[in-house]
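In full-length UniProt numbering, the protein residues as written are 1 to 154.
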């Protein structure tokens with residue numbers, strides 16, 4: 001477990017900008033299931049764009065990028081472990097549990113407030129998932145228009 005404080009970046013639909021620390025709307029994600037609370041973000045704006053690229057469609061409504069402040073979070077650091085960042089959606093679609101759930105379930109049991117993990121497609125970039133709203137708050141900066149994935153596909 002490591003301590004973490006700093007700014008993280010989250011891309012949301014523009015109509016969600018008023019609640020930037022709301023949990024993920026999807027009932028399941030890489031590190032949450034069964035109604036578990038999860039907020040996904042990245043350590044850099046570029047990382048946020050890379051993370052969301054898979055979920056962006058040409059007809060999507062506008063998105064914004066917002067900075068959030070994480071303070072004194074206790075995180076499990078799983079960066080540099082490719083097995084943590086597998087494409088979980090296809091496995092889950094087959095009916096099997098997402099293999100990444102084992103990591104987040106174990107971290108929750110150990111008292112972690114979230115995880116740090118590497119980007120699957122760009123391992124030099126890092127993402128964060130928080131398991132509760134306690135260590136995160138809006139930074140106070142206004143949301144900025146997010147131009148789309150074409151700027152983050154390097």
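Positions of the beta carbon are idealized from the N, C-alpha and C atoms, including for glycine.
8 Å contact criterion, which residue i and residue j should meet: CB distance rounded
{"i": "residue 65", "j": "residue 143", "result": "7 Å"}
{"i": "residue 63", "j": "residue 12", "result": "6 Å"}
{"i": "residue 42", "j": "residue 126", "result": "7 Å"}
{"i": "residue 14", "j": "residue 61", "result": "7 Å"}
Euclidean distance between Cα positions of residue i and residue j
{"i": "residue 106", "j": "residue 16", "result": "30 Å"}
{"i": "residue 54", "j": "residue 80", "result": "21 Å"}
{"i": "residue 118", "j": "residue 100", "result": "13 Å"}
{"i": "residue 97", "j": "residue 18", "result": "33 Å"}
{"i": "residue 20", "j": "residue 141", "result": "11 Å"}
{"i": "residue 34", "j": "residue 28", "result": "7 Å"}
{"i": "residue 124", "j": "residue 22", "result": "27 Å"}
{"i": "residue 95", "j": "residue 38", "result": "21 Å"}
{"i": "residue 89", "j": "residue 72", "result": "31 Å"}
{"i": "residue 93", "j": "residue 103", "result": "19 Å"}
{"i": "residue 47", "j": "residue 146", "result": "13 Å"}
{"i": "residue 84", "j": "residue 10", "result": "20 Å"}
{"i": "residue 40", "j": "residue 59", "result": "23 Å"}
{"i": "residue 134", "j": "residue 45", "result": "22 Å"}
{"i": "residue 76", "j": "residue 131", "result": "11 Å"}
Proximity below 9 Å, CB of residue i to CB of residue j
{"i": "residue 110", "j": "residue 1", "result": "yes"}
{"i": "residue 50", "j": "residue 7", "result": "no"}
{"i": "residue 74", "j": "residue 3", "result": "yes"}
{"i": "residue 36", "j": "residue 108", "result": "yes"}
{"i": "residue 136", "j": "residue 78", "result": "no"}
{"i": "residue 148", "j": "residue 86", "result": "no"}
{"i": "residue 129", "j": "residue 30", "result": "yes"}
Span of the beta strand (DSSP E), counted from its first residue to its last, around residue i
{"i": "residue 145", "result": "144-146"}
Chain C within 9 Å of residue i, Cβ atoms only
{"i": "residue 134", "result": "Looking at the structure shown, chain C is missing, and only one protein chain is on hand."}
Length at least 3, wholly inside the UniProt domain "RES" (14-142): the beta strand (DSSP E) runs in chain order: Complete beta strand (DSSP E) runs here, min 3: 39-42, 63-77, 114-118, 126-130 and 136-138.
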